[in-house]
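Take a look at the structure set out below.
Numbering (the numbering used here), first residue to last: -16 to 143.
If you want it as C-alpha cells, here you go:
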C-alpha cells in the first residue's frame, strides 16, 4: 500500500506540471472584473462634465482678471489638439498668515469639524481669491494694497 503523504505530493506535482491549481497571488476561480452599473456610469459622466465646467469657469475668471500671455492651443489638421505650452509661473506660493487671518482659518476649520467635514486652508484661500477676482481687477488689487507713490526724496534702499 503506497504512503498517503507521497500520494498527495505526487498529485500536487502532476497538477503543477499540467498548469492546474493555484497561481501565485491568485485564486483557483479568477473573478471577472465587475461591470459598472448604468447609474455609476451616469454619475461618472456627470462628474466629468461638472469638472470640465469648473475648469472653464476658472479659465474665464482668470482671463477676466489677468490678460493672457499664453497663446491659444493650435489645432492640428487631424482635428486633435496640441498639448498646451508649459506655464512660466511657479506652481505654488508660500502663505504666511498673520494672527488675525490664522484665527479665521482656525474658526473655519472648527465650523467644518462641527459639520463633520474637512475643509483645508488652501480651499479657503482659493475661495477667497475667486471672490476677490470677481470683485476687483488685478490693477485695483495692486492699488488697494500698495502705499502712496513716492515722488520726492530719496528713492530705493538707503546705502550704508
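We treat Cβ as the ideally placed atom computed from N, Cα and C, and that holds for glycine.
Inter-residue CB distance, residue i and residue j (contact presumed, cutoff 8 angstroms)
{"i": "residue 88", "j": "residue 107", "result": "6 angstroms"}
{"i": "residue 115", "j": "residue 124", "result": "7 angstroms"}
Sequence-distant residues of its chain with Cβ nearer than 7 angstroms to residue i (five each side left out)
{"i": "residue 104", "result": "88"}
Beta carbon of residue i nearer than 9 angstroms to that of residue j
{"i": "residue 137", "j": "residue 44", "result": "no"}
Residue i - containing alpha helix (DSSP H), residue span
{"i": "residue 114", "result": "104 to 118"}
{"i": "residue 96", "result": "82 to 97"}
{"i": "residue 1", "result": "-13 to 1"}
{"i": "residue 77", "result": "Neither: residue 77 is in no alpha helix (DSSP H) and is coded neither H nor E."}
{"i": "residue 145", "result": "This structure cannot settle anything about residue 145, because the visible part of the chain is limited to -16 through 143."}
Residue i versus residue j: straight-line alpha-carbon distance, rounded
{"i": "residue -14", "j": "residue 18", "result": "48 angstroms"}
{"i": "residue 97", "j": "residue 90", "result": "11 angstroms"}
{"i": "residue 22", "j": "residue 47", "result": "37 angstroms"}
{"i": "residue 51", "j": "residue 42", "result": "Residue confidence is low: residue 51 scores 49 on pLDDT, short of 50, so the model does not pin down where it sits. No coordinate-derived value is stated."}
{"i": "residue 81", "j": "residue 35", "result": "35 angstroms"}
{"i": "residue 143", "j": "residue 100", "result": "54 angstroms"}
{"i": "residue 31", "j": "residue 20", "result": "17 angstroms"}
{"i": "residue -3", "j": "residue 25", "result": "49 angstroms"}
{"i": "residue 37", "j": "residue 121", "result": "21 angstroms"}
{"i": "residue 139", "j": "residue 126", "result": "19 angstroms"}
{"i": "residue 40", "j": "residue 95", "result": "26 angstroms"}
{"i": "residue 33", "j": "residue 72", "result": "26 angstroms"}
{"i": "residue -1", "j": "residue 27", "result": "43 angstroms"}
{"i": "residue 111", "j": "residue 135", "result": "36 angstroms"}
{"i": "residue -9", "j": "residue 1", "result": "15 angstroms"}
{"i": "residue 84", "j": "residue 118", "result": "20 angstroms"}
{"i": "residue 93", "j": "residue 86", "result": "10 angstroms"}
{"i": "residue 78", "j": "residue 130", "result": "21 angstroms"}
{"i": "residue 132", "j": "residue 76", "result": "26 angstroms"}
{"i": "residue -6", "j": "residue 29", "result": "54 angstroms"}
Sequence-distant residues of the same chain with beta carbon closer than 8 angstroms to residue i, five excluded per side
{"i": "residue 74", "result": "none"}
{"i": "residue -11", "result": "none"}
Contact set for residue i: own chain, Cβ-Cβ below 6 angstroms, skip 5 residues either direction
{"i": "residue 109", "result": "none"}
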